[in-house]
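Participant: After the structure tokens below, expect a handful of questions from me.
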Amino acid sequence: MPSGGRCKPLFAHTAFYLGKGGAEAYVQANKSLGHPMFKPFILFFAAAVFASPLSAEPSPKLVELVDALRLSDSLEIMVQEGTAYGDEIEAEMFAERGGARWQAMVASVYDLERMEDLMVGVLEDELDSADLDPLIEFFSSERGVKIVELEIAARRAMLDDGVDEAGRDRLARMRSEGDPRLDVLKEFEAVNELISWNVAGGLNANFAFFQGLVDGGAFPFEVTEEQMLADVWSQEEDLRAETADWLFSYLAFAYQPLNDADLRAYIDASATKEGRALNVAMFEGFDIVFRTISRELGLGAAQFIAGQDI
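So the sequence shown is residues 1 to 310, counted in full-length UniProt numbering.
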């Protein structure tokens, strides 16, 4: 799914989850609370305690499904995105002061193995009573394998800012020309509720990051939970617009090689009981991962922020 990411459905395939957010809350807080601003930055993940690791071996069927979805490949791309965000944070908030310590902290936060363990643990719980056979059959079919490959390849390509920008330009042309493929992509988004899930996840991650900053002592003044909630919620409109633009540029890029029959089959699979269950489970898992990482990164960033002059 669009893990998006920027984060992702059958089904909630991993590519549709954007998984961004956080620093905006920090910047908005300083503005709206009327206090001197720290050097702003653009966040990503964080948290003091990762949810409990996988306590038992996942079921063979879940392993088969996770392998078909290529969850590990999608998470690996998110790790690359997170590393880039870490660089931005240092450059914009405590330039040349993070060094090896900051890089090591970011690397520990974006640990691929623990991210995957957490995701699989959530999927095991959420899909405990679900029939996984139809999902495995779809994603293991020639059509399903092709779809997953296209999703991951597009997500990886969009790590390049030039490719990302070209995708947005393509989307603008499709909109201006009334390209009928957009209607199909909108139907796919609606079935999987990709924008709503990503916006909710982004706001949750922003709030978790904000909490990490506050708990880590980044602010030289008191910030209440009500203020944090108000500041984070004020981002909802902009976040929704940005999510829609990224998501549809991604979908148009990823599914360009698919014919209408393949895309229609994907929509139909997403609309099944099993497809919806997987979509919910995937986004629940990403939400936990990103909230955890966001708080962790906020706590870590606070150490460097508190050590600089305001």
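We put the beta carbon where it would ideally sit given N, CA and C, even for glycine.
Mind checking Leu71: buried by the 16 CB within 10 Å criterion, or exposed?
Facilitator: buried
Participant: Rounded to whole angstroms, what is the Cα-Cα separation between Ser196 and Pro180?
Facilitator: 23 Å
Participant: Going by C-alpha to C-alpha distance, which of Tyr250, Trp233, Ala269 sits closest to Asn204?
Facilitator: Trp233
Participant: Considering only the alpha carbon of each residue, which of Arg291, Val163, Phe94, Arg276 lies closest to Tyr110?
Facilitator: Arg291
Participant: Beta carbon of Gly267, beta carbon of Phe188: below 8 Å?
Facilitator: In the sequence on display, residue 267 carries Ile and not Gly. Yes.
Participant: Pair every Cβ in the stretch 112-128 with every Cβ in the stretch 60-69, then say whether three or more of these pairs are closer than 8 Å.
Facilitator: yes
Participant: Grouping DSSP H, G and I as helix and E and B as strand, with all else coil, what is Gln235?
Facilitator: coil
Participant: Would you give the residue range spanned by the alpha helix (DSSP H) that Ser270 belongs to?
Facilitator: Counting along the chain, the alpha helix (DSSP H) containing Ser270 begins and ends at 260-271.
Participant: Can you tell me the Cα-Cα spacing of Gly99 and Leu299, whole angstroms?
Facilitator: 17 Å
Participant: Got a sec, what are the start and stop residues for the alpha helix (DSSP H) Pro180 sits in?
Facilitator: That residue, Pro180, is in no alpha helix (DSSP H); it is neither H nor E in DSSP.
Participant: Phe253 and Arg143 - do their beta-carbons sit closer together than 8 Å?
Facilitator: no
Participant: Could you give the distance in angstroms between the alpha-carbon of Ala269 and the alpha-carbon of Leu185?
Facilitator: Cα to Cα, the separation comes out at about 14 Å.
Participant: Measuring alpha carbon to alpha carbon, tell me which of Leu135, Leu150, Ala265 ends up nearest Lys273.
Facilitator: Leu135
Participant: Is the stretch 222-241 touching the stretch 300-307 in the sense that three or more CB pairs, one from each, lie closer than 8 Å?
Facilitator: no
Participant: What are the complete alpha helix (DSSP H) segments, minimum 4 residues, inside the stretch 100-133?
Facilitator: 112-126
Participant: Mapping DSSP to helix, strand and coil, what is Pro60?
Facilitator: Under the three-state reduction of DSSP, Pro60 is assigned to helix.
Participant: Helix, strand or coil for Val223? Go by DSSP, reduced to three states.
Facilitator: coil
Participant: Is the beta carbon of Gly86 closer than 8 Å to that of Val106?
Facilitator: yes
Participant: What three-state label does DSSP hand Met158 in the structure shown?
Facilitator: coil
Participant: Quick check: the stretch 278-291 against the stretch 198-213, are there 3 or more CB pairs under 8 Å?
Facilitator: yes
Participant: Smallest Cα separation from Glu193: which of Ala95, Ala84, Asp231, Ala277?
Facilitator: It is Ala277.
Participant: Tell me where the alpha helix (DSSP H) around Ser196 begins and ends.
Facilitator: 194-215
Participant: Mind checking Leu112: buried by the 16 CB within 10 Å criterion, or exposed?
Facilitator: exposed
Participant: Flag this pair as yes or no: are the beta carbons of Asp287 and Gly201 separated by less than 8 Å?
Facilitator: yes
Participant: Of the residues Gln80, Gln103, Val79, Met78, which one's Cα is nearest the Cα of Glu90?
Facilitator: Nearest C-alpha to Glu90 among Gln80, Gln103, Val79, Met78: Gln103.
Participant: Rounded to whole angstroms, what is the Cα-Cα separation between Ala301 and Leu213?
Facilitator: 7 Å
Participant: Please classify Arg155 as buried or exposed, where buried requires at least 16 other C-beta atoms within 10 Å of its C-beta.
Facilitator: buried
Participant: Over what stretch of residues does the alpha helix (DSSP H) that includes Tyr85 continue unbroken?
Facilitator: 71-93
Participant: Does DSSP classify Ala218 as helix, strand or coil?
Facilitator: coil
Participant: Go ahead and label Asn198 buried or exposed: buried means 16 or more other beta carbons lie within 10 angstroms of its beta carbon, across all protein chains shown.
Facilitator: buried
Participant: Look at the Cβ atom of Met174, then the Cβ atom of Tyr250, and state whether they are nearer than 8 Å.
Facilitator: no
Participant: Does the Cβ-Cβ distance between residue 317 and Ala271 come in under 8 Å?
Facilitator: As displayed, the chain neither begins before 1 nor continues past 310, which places residue 317 out of reach and without an answer.
Participant: Looking at C-alpha atoms only, which residue of Phe283, Glu177, Gly275, Arg97 is the closest neighbour of Glu137?
Facilitator: Gly275
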